[in-house]
Amino acid sequence: METVDRFFKISERGSTFGREIRGGFATFFTMAYILVLNPIILGSAKDKFGHQLDTVQLTTATALVAAVMTIVMGVGGNLPLALAAGLGLNAVVAFQIAPLMSWDDAMGLIVIEGLLICALVVTGLREAVMHAIPQPLKQAISVGIGLFIAFIGFVDAGFVSRIPDIAHTTVPVQLGGTGTLSGWPVLVFCLGVLLTVGLLARKVKGAILISIVTMTLLAIVIDSTADIKSWGLTTPSWPDRIVDAPDFGLIGHFSLFGAFGQTGVITVVLLIFTLILSDFFDTMGTVVGISAEAGLLDDKGQVPHLGRVLLIDGAAAVAGGVASSSSATSYIESAAGVGEGSRTGFSNVITGGLFALALFLTPVLTIVPLQAAAPALVAVGFLMMTQVKGIDWDKYEIAIPAFLTIAVMPFTYSITNGIGAGFVSYVLIKTVLGKAKDVHWLLWGASALFVVYFAIDPIEQVLGVK
1384 METVDRFFKI SERGSTFGRE IRGGFATFFT MAYILVLNPI ILGSAKDKFG
1434 HQLDTVQLTT ATALVAAVMT IVMGVGGNLP LALAAGLGLN AVVAFQIAPL
1484 MSWDDAMGLI VIEGLLICAL VVTGLREAVM HAIPQPLKQA ISVGIGLFIA
1534 FIGFVDAGFV SRIPDIAHTT VPVQLGGTGT LSGWPVLVFC LGVLLTVGLL
1584 ARKVKGAILI SIVTMTLLAI VIDSTADIKS WGLTTPSWPD RIVDAPDFGL
1634 IGHFSLFGAF GQTGVITVVL LIFTLILSDF FDTMGTVVGI SAEAGLLDDK
1684 GQVPHLGRVL LIDGAAAVAG GVASSSSATS YIESAAGVGE GSRTGFSNVI
1734 TGGLFALALF LTPVLTIVPL QAAAPALVAV GFLMMTQVKG IDWDKYEIAI
1784 PAFLTIAVMP FTYSITNGIG AGFVSYVLIK TVLGKAKDVH WLLWGASALF
1834 VVYFAIDPIE QVLGVK
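Numbered continuously in the working numbering, the sequence shown closes out at residue 1849.
Here it is as structure tokens:
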């Protein structure tokens, strides 16, 4: 125990084994919802060829990556910073990338993204890119992703639906399936939203997980007593067994360069850029925020062993692609563990061990219906939306690009489109105001790529490609 204490600097950082263990449990129970949400988000989407990923295999892959990379971060980075499949990133993969190619190709892009992030860390370019994009635009991207995730939650739960074209109406979406809310599944979703927001308002730790578990149990009771035609992707019925051997069938199913053959090079480059951007800045904010909360920043405000921490985070993205569970990243929910006293990577060993245990509980984790999990998407959307307060809405040169970034994402069901709208408008407005020199050359390059991306159809016609 003394050796472990010295290795993790538990006593040196003013912590104890008891605090680290409690913190490890708190972090796990706060972020364990990803074991339910990630399989639902990825499993509900289809690739270009109409294939869907198996939710049981997705649960195994999600738990495996979270377990391994959380322990690696604890041992290698010695920070109380857990990792798992990133919300927002998995939405990009499911609803934007997969429809353009096969699942293997999509996961190959995740691997490339992770490798590029590692390269950026090694070369020092990661900080250069950080400085290239204005902070308000970074916040707008997070807010836009939050609205996008919330919209997905409303749609998946059946609270919102698209009005068929045959209805001959200018209204694109409606309440429920017919303009009104009906059916037990939607009631479960509504009650789940109310429970989740109530727990969040009370600042109850593990609010999201508590809501998912409670609504799942309610859904099981309702399904066993009421005549329900369909719950959607998952029917909430108690499994024949609680423990089962993990299914590693998705591990290793990725194609590193297959996407370039399925989709145009420009589109693939922009998709990779979007993945890097989302992962890139969320990680930086999370790492600094958790380290500051734990009182681990040095006199200059720097994170200890930052290069090593960022390298492990990049490796987690690679691991997520290899396992077909989407890009893994650092979790802000680690703050729950810090609140319980975590100050070292030893708490990660506890959290990672609990994720490893979850590998054998797949039958229980896969009975959660969309209607019980979707309130968590709405809640996460709210949490990401709170960053909107950091944007100066009186300063039009940043407010307009921020607004377009936020609005275009949910309205076009595309995170890439939102980022592109924000970048292009920012560069344009800066130029119109005679401040072109204030724009970093990396932002000019990214905006040029987005212009080509948005104008790809007329460009192809001019070049005679179509």
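Ideal Cβ positions, reconstructed from N, Cα and C, are used throughout, including at glycine. The structure displayed is predicted, hence computed values, not measured ones.
Buried or exposed: residue i, going by 16 or more other Cβ atoms within 10 Å of its Cβ?
| i | result |
| --- | --- |
| Leu1577 | exposed |
| Met1667 | buried |
| Ala1838 | exposed |
| Trp1614 | buried |
| Ser1831 | Residue identity check: residue 1831 is Ala in the sequence provided, not Ser. Its Cβ having fewer than 16 others within 10 Å, Ala1831 is exposed. |
| Gly1828 | exposed |
| Thr1410 | buried |
| Glu1385 | exposed |
| Asp1777 | exposed |
| Val1556 | exposed |
| Pro1841 | exposed |
| Phe1390 | exposed |
| Thr1775 | It should be pointed out that residue 1775 corresponds to Asp in this sequence rather than to Thr. So Asp1775 counts as exposed. |
| Leu1592 | buried |
| Ser1620 | exposed |
| Thr1646 | buried |
| Leu1846 | exposed |
When the Cα of residue i is compared with those of the options, which residue comes out closest?
| i | options | result |
| --- | --- | --- |
| Pro1547 | His1823, Glu1676 and Gly1562 | Gly1562 |
| Lys1521 | Ala1782, Val1845 and Lys1612 | Ala1782 |
| Leu1737 | Gly1704, Phe1786 and Met1414 | Met1414 |
| Val1747 | Lys1431, Ala1677, Arg1405 and Val1596 | Val1596 |
| Val1451 | Asn1731, Leu1472 and Gly1773 | Asn1731 |
| Thr1657 | Val1543, Asp1821, Ile1524 and Ile1454 | Ile1524 |
| Thr1599 | Lys1586, Val1569, Gly1581 and Phe1542 | Val1569 |
| Val1505 | Ser1708, Ile1695, Gly1407 and Leu1760 | Ile1695 |
| Ile1535 | Thr1769, Val1822 and Gln1754 | Gln1754 |
| Lys1468 | Leu1760, Gly1720, Ala1699 and Gly1801 | The amino acid at residue 1468 is misidentified as Lys; the sequence shows Ala. Of the listed residues, the one whose Cα sits closest to Ala1468 is Ala1699. |
| Ala1428 | Ser1725, Ala1819 and Ser1485 | Ser1485 |
Considering just the uninterrupted stretch of the alpha helix (DSSP H) at residue i, what are its terminal residues?
| i | result |
| --- | --- |
| Thr1618 | Careful: Thr1618 lies outside any alpha helix (DSSP H) and carries neither H nor E. |
| Ser1638 | Counting along the chain, Ser1638 falls outside any alpha helix (DSSP H), and DSSP gives it neither H nor E. |
| Ser1730 | Phe1729 to Ala1741 |
| Asn1800 | Ile1798 to Val1815 |
| Trp1567 | Trp1567 to Ala1584 |
| Ala1450 | Thr1438 to Gly1460 |
Over the uninterrupted beta strand (DSSP E) stretch that includes residue i, give me the two end residues.
| i | result |
| --- | --- |
| Ala1468 | Leu1466 to Ala1468 |
| Leu1558 | Val1556 to Leu1558 |
| Ser1713 | Ala1711 to Ser1713 |
| Ser1544 | Val1543 to Arg1545 |
With a threshold of 8 Å between beta carbons, is residue i in contact with chain C?
| i | result |
| --- | --- |
| Thr1727 | No chain C is part of this structure, which consists of one protein chain only. |
With a threshold of 8 Å on Cβ separation, who are the neighbours of residue i within its own chain once the five nearest residues in sequence on each side are excluded?
| i | result |
| --- | --- |
| Lys1392 | Asn1461 and Thr1727 |
| Ser1565 | Gly1559 |
| Leu1639 | Gly1491, Val1494 and Ile1495 |
| Leu1653 | Thr1799, Gly1803, Leu1832, Phe1833 and Tyr1836 |
| Ile1611 | Gly1566, Trp1567, Pro1568 and Ile1605 |
| Cys1573 | Phe1542 and Leu1564 |
Here's a check: name, in chain order, each residue in its chain whose Cβ is nearer than 7 Å to the Cβ of residue i, leaving out the five neighbours to either side.
| i | result |
| --- | --- |
| Glu1780 | Ile1812, Lys1813 and Leu1816 |
| Val1554 | Ile1546 |
| Ala1706 | Ala1444, Leu1447, Val1448, Leu1633 and Ile1634 |
| Phe1531 | Ala1474, Met1792, Pro1793 and Ile1798 |
| Leu1418 | Thr1442, Thr1445, Ala1446, Ala1741 and Leu1748 |
| Ala1718 | Ile1673 and Glu1676 |
| Asp1539 | Ser1427, Leu1753 and Ala1757 |
Spatial neighbours of residue i within its chain, please: C-beta separation below 6 Å, excluding the five flanking residues on both sides.
| i | result |
| --- | --- |
| Asp1388 | Ser1394 |
| Ala1489 | Val1476, Ile1480 and Ala1481 |
| Pro1422 | Thr1438, Leu1441 and Thr1442 |
| Leu1470 | Val1763 |
| Leu1833 | The sequence shown places Phe at residue 1833, rather than the Leu named in the question. Around Phe1833: Gly1803, Phe1806 and Val1807. |
| Ala1602 | Val1571, Pro1619, Pro1752 and Ala1755 |
Inter-stretch contact at 8 Å, needing at least 3 Cβ pairs: the region 1782-1792 / the region 1445-1465: Result no; under three Cβ-Cβ pairs closer than 8 Å.
Any 3 or more C-beta pairs closer than 8 Å across the region 1704-1723 and the region 1647-1665: Touching, per the Cβ criterion.
Cβ contact (3+ pairs, closer than 8 Å) linking the region 1677-1696 and the region 1438-1447: Output reads no: the region 1438-1447 does not touch the region 1677-1696.
Contact the region 1616-1625 vs the region 1790-1804: 3+ CB pairs below 8 Å: Under the three-pair Cβ rule at 8 Å, the region 1616-1625 does not count as touching the region 1790-1804.
Segment contact, 8 Å Cβ cut-off, at least three pairs: the region 1490-1502 with the region 1763-1773: They do not touch, by the three-pair rule.
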